[in-house]
Amino acid sequence: MLDQQVLEEIYTIAEKVGAHQVLTEREQAMYDDILEDAGYYQVFCLYTAMIDFPTFYEQSVSGEKQKVKEWQSEKIREIEKHKN
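At position 67 of the sequence shown the residue is numbered 69 (my numbering), and the sequence of numbers has no breaks.
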């Protein structure tokens, strides 16, 4: 089990990497350790997924809205076509 301090460091690094921020020398060393250690890497990936989840959801919803708009536009064109 990872201790609280290590988890907090992983979370901080995940947030910085996700935001494309420059890591300090100590953080970079920890990031290198994360990439080499399976347990650290799993926590890192889980946390980055949690950070990205709202963005993925928003993209999914906006994609669905776009599909509905396209469907509505298509139906309107069909109706207009049949009127003429």
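Just so it is clear, CB atoms sit at the ideal spot from N, CA and C, and this is done for glycine as well.
Residues near residue i in its chain [Cβ-Cβ closer than 7 Å; skip 5 each side]
i, result
"Glu11", "Met32"
"Val45", "Leu4, Leu9 and Ile12"
"Leu25", "Ile15, Lys18 and Tyr33"
Rounded separation between residue i and residue j - CA only
i, j, result
"Val8", "Phe55", "23 Å"
"Glu82", "Lys69", "20 Å"
"Ala21", "Ile78", "42 Å"
"Glu72", "Gln61", "16 Å"
"Ser75", "Tyr59", "24 Å"
"Gln23", "Glu66", "32 Å"
"Leu37", "Gln6", "19 Å"
"Glu80", "Ser64", "24 Å"
Beta-carbon gap between residue i and residue j smaller than 8 Å
i, j, result
"Ala16", "Thr50", "yes"
"Glu29", "Lys18", "yes"
8 Å CB neighbourhood of residue i in its chain, flanking five on each side removed
i, result
"Asp35", "Tyr42"
Cβ-based neighbour list, residue i, same chain, cut-off 6 Å, excluding 5 preceding and 5 following
i, result
"Met52", "none"
Unbroken stretches of the alpha helix (DSSP H), 4 residues or longer, contained in the region 15 to 68
27 to 38
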